[in-house]
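S.K.:
Structure, rendered in C-alpha cells:
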C-alpha cells in the first residue's frame with residue numbers, strides 16, 4: 002500500500018554526552034521515510050528544502066522506494082536547521098537554535114499521483130500545513146496518523162483541534178498528552194483526546210515505552226533497555242515511520258495488528274538511538290529487524 | 002515456606018493532590034506483610050513500635066498469619082513517624098517530618114523460632130541493622146532480598162556494600178541503581194551492582210514498571226495504567242511483599258518463576274496505590290489478584 006509522508010527534511014546539530022555532530026541529515030520526514038522503507042517501497046514524500054541539501058542523501062532515499070515528486074527545492078534558500086543539546090539523562094534537551102529558512106512559508110503541494118494514498122503520516126508541522134495536505138486528498142485514506150508537539154498546543158490550539166477531527170491516529174508523547182487533555186492520568190487523558198477525533202491514540206514515553214489506546218483497549222509496548230542511548234534525535238519519527246510502514250505493508254487495521262505495528266515502530270526507534278542521526282537506519286535489514294522484535298517479545302514474556 | 006520480614010511498623014501523615022490522611026498505619030514491614038499474606042500464612046515479623054500503636058492493627062495482621070514474636074514494644078515510647086507530601090505528578094515527594102522515636106536505637110532480636118526462615122525480606126533500614134538480622138540466622142535461607150535507599154548510600158555506603166555481599170536479590174528504584182553504580186544506563190548499572198553481590202537485581206521504575214536482571218537475562222514488567230494513583234506510599238514495599246510472598250508460596254527460584262513473582266508484586270502494588278495507606282490491602286482476595294494479574298498479561302500481549 003502507498004504511504005504518503007509529510008514533514009521536515011533538514012539539517013541538525015546534535016550534542017549528547019557522547020559527542021557532537023554538526024550539519025547531519027535530519028527532519029521528521031527523513032526519519033519516517035527511512036524507517037518505513039524497511040516495510041514498503043511505495044512512499045510518497047512531501048517536504049521542502051533549500052539548494053544546500055546533498056543530492057546523495059535524496060538519492061539514498063529514492064533507492065529505498067521514496068518518491069520525491071512532492072519535494073520542493075528552493076533555489077538560493079537554505080533548508081530547515083535545528084540545533085539541540087541533550088541533558089545527561091538523555092530525557093531532556095535544550096533547543097540551541099532553530100532556523101526555519103524554507104519552512105517559514107511552506108505550502109505543501111501534492112502532485113496528482115500523491116492525492117489518493119492509502120496511508121498518510123503527517124509529521125510534526127504547523128497544524129494548518131497538516132490540514133492543507135488533508136484538503137488535497139481526493140479520496141479518503143484507510144488511515145491518517147498525525148504527530149504534533151506542545152508548541153502548537155501553545156500557539157495554535159484551535160487549528161490543531163480542527164485537524165484532530167480529520168485524523169485516525171494521534172501520536173504524541175506523555176507530556177503532550179497531558180497538556181492537550183489537561184489530565185495527568187494517561188488513562189483519563191486518552192478518553193478526552195479520543196473524544197477530540199482520533200480513534201487511536203499512541204502515547205510515546207521514550208525510554209519507558211509506548212501506549213496504544215483504542216476504545217477501552219490499552220496496549221503497552223516496552224522500550225528495550227539499551228547499553229547506551231547515543232542520540233535520541235529522530236526516535237519519535239522513526240517510531241512513527243516503522244508503525245505506519247508496518248501498517249502500509251500488512252494493510253490490516255485490527256487492534257491485534259496495530260499492536261504489532263507499535264512493536265515494529267519501537268524496534269525501529271531502538272536502532273535509531275544507537276547512532277547519531279540517521280546513521281544506523283541505513284544499515285538495517287529484515288533479519289536484524291526481526292531479531293530486534295524478538296528481543297521485545299522475550300523481554301516481557303511470562304506465563305501465569 | 003516461611004518468610005521472615007524486617008522493617009518499620011509506623012505512623013504516616015500523607016498528603017497527595019487527592020487529600021490528606023493523618024496518623025495512618027504505615028511502615029515497610031506493614032506493607033510487606035499485608036502483601037505477602039495473600040500468598041503465605043507463615044510470616045515472621047521483626048520490628049519495633051512504641052506503646053502508641055493500635056492493637057487492632059496488629060491483630061489484623063496476626064489473623065493473616067503474621068507471627069509477632071519478633072515485634073518489640075517499647076513502653077512509654079513512640080512509634081516511628083513519617084510525614085510526606087506528593088507532588089502533582091505523584092512521582093516526586095517531599096519529606097515534611099521524620100521522627101525516628103523507637104527506631105533510633107533499634108536492635109533487632111530474632112526469637113529462636115525465627116532463626117532459620119526459608120525466605121527473608123529485609124525492608125529499608127540502616128544497613129547495620131539489616132546485617133544484624135542476617136548474623137542471627139542459624140542456617141542459610143533459600144533467598145534473601147534487601148531494599149535500601151539513597152540516604153544509606155550517602156551516609157553508610159561501606160556498611161551497605163558489606164550487606165550486599167550477603168544477599169541474593171536487591172530491590173531498588175532506578176535513581177538508586179544509578180547512584181549505587183555510578184552508571185546512567187540501567188543495563189550497565191545492573192552489571193556493576195550484580196558484581197557487588199546480589200545474583201538478582203530488581204529495579205523499580207514506579208509508574209513505568211520494573212526490571213529484573215539475572216546473568217545476561219532481562220525481564221520487564223509494566224505498571225498498569227491506572228485511572229488515578231491515589232497514594233503511592235508503600236507501593237515499593239507492597240511490590241516487595243508480593244514478590245517475596247509469591248516466591249515463598251511457590252518455592253521455585255527459576256528465572257521463569259521469578260518473572261511471575263515480579264508480576265504478582267506489580268499487581269499488589271497496583272492495588273496499594275488506589276487508596277490511602279494500607280486500606281486497599283485489607284480487602285483483597287485470590288480472585289481479585291488473579292484478575293489483576295490477567296490485566297498485566299493482556300496489557301502487553303502481542304503475537305509476531
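Residue numbers (my numbering), protein chains in the order written: chain W, 2 to 305; chain X, 2 to 305. Built from N, CA and C at the ideal position, the CB exists for glycine as well. Because the structure is a prediction, the values reported are computed rather than measured.
(1) If you measure beta-carbon to beta-carbon, which residues of the stretch 260-289 of chain W are closer than 7 Å to chain X?
(2) In or out: residue 26 (chain X) buried (at least 16 other Cβ within 10 Å) or exposed?
(3) Does residue 226 (chain W) come within less than 7 Å of chain X when only Cβ atoms are used?
(4) Examine chain W for any beta-carbon lying closer than 7 Å to the beta-carbon of residue 142 (chain X), and answer yes or no.
(5) Residue ranges of each beta strand (DSSP E) run of no fewer than 3 residues wholly in the stretch 83-159 of chain W, ordered along the chain?
(6) For residue 301 (chain X), which residues in chain W fall below 7 Å Cβ to Cβ?
(7) Residues of the stretch 85-103 of chain X with a CB closer than 8 Å to any CB of chain W: list them in chain order, please.
(8) Can you tell me the Cβ-Cβ gap for residue 248 (chain W) and residue 120 (chain W), rounded? I've got them flagged as a contact below 8 Å.
(9) In terms of alpha-carbon separation, which member of X:177, X:181, X:182, X:107 lies closest to residue 131 (chain X)?
(10) At a CB-CB cut-off below 8 Å, which residues of chain X make contact with residue 215 (chain W)?
(11) May I ask you to list, following chain order, the residues of the stretch 228-240 of chain X that have a beta carbon less than 9 Å from some beta carbon of chain W?
(12) Using 7 Å as the limit for Cβ to Cβ distance, is residue 171 (chain X) near chain W?
(13) Step through the CB atoms of chain W and report whether any lies within less than 7 Å of the CB of residue 294 (chain X).
(14) Bridge partners of residue 67 (chain X), per DSSP?
(15) Once DSSP output is grouped into helix, strand and coil, what is the label at residue 166 (chain W)?
(16) Rounding to the nearest angstrom, what Cα-Cα distance links residue 171 (chain X) and residue 199 (chain X) in this structure?
(17) Is residue 3 (chain X) close to chain W, meaning its C-beta is less than 7 Å from at least one C-beta of that chain?
(18) Interface residues of chain W around residue 305 (chain X) at Cβ under 9 Å?
(19) Please confirm whether any heavy atom of the ligand FMN lies closer than 6 Å to the CB of residue 66 (chain W).
(20) So, helix, strand or coil for residue 276 (chain X), using DSSP?
(21) Excluding the 5 residues flanking residue 257 (chain W) on each side, which residues of the same chain have their C-beta closer than 8 Å to its C-beta?
(22) Here's a check: name, in chain order, each residue in its chain whose Cβ is nearer than 6 Å to the Cβ of residue 29 (chain X), leaving out the five neighbours to either side.
(23) Since residue 146 (chain X) and residue 173 (chain X) are thought to touch, with beta carbons under 8 Å apart, how far apart are those beta carbons, to the nearest angstrom?
(24) Among the residues of its own chain, which have a CB less than 8 Å from the CB of residue 184 (chain W), if the five just before and after it don't count?
(25) Run through chain X and tell me which residues come within less than 8 Å of residue 257 (chain W), C-beta to C-beta.
(26) Buried or exposed for residue 31 (chain W), going by 16 or more other Cβ atoms inside 10 Å?
(27) Can you give me the C-alpha to C-alpha distance between residue 260 (chain X) and residue 128 (chain W), rounded to a whole angstrom?
(28) Can you pull the chain W residues whose beta carbon is under 8 Å from the beta carbon of residue 187 (chain X), in chain order?
M.R.: Considering the structure as presented:
(1) 260, 261, 264
(2) buried
(3) yes
(4) no
(5) 94-100, 120-123, 144-148
(6) 221, 301
(7) 89, 90, 91
(8) 6 Å
(9) X:107
(10) Those within 8 Å of residue 215 (chain W) in chain X number zero; the least Cβ separation is about 13 Å.
(11) 228, 229, 230
(12) no
(13) yes
(14) X:44
(15) coil
(16) 6 Å
(17) no
(18) 261, 264, 265, 291, 294, 295, 297, 298
(19) With respect to the ligand FMN, the structure shown offers nothing to examine, as it has no ligands at all.
(20) coil
(21) none
(22) 8, 9, 124, 125, 238
(23) Wrong, their Cβ atoms sit about 11 Å apart, outside the cutoff.
(24) 190, 193
(25) 303, 304
(26) buried
(27) 44 Å
(28) 226
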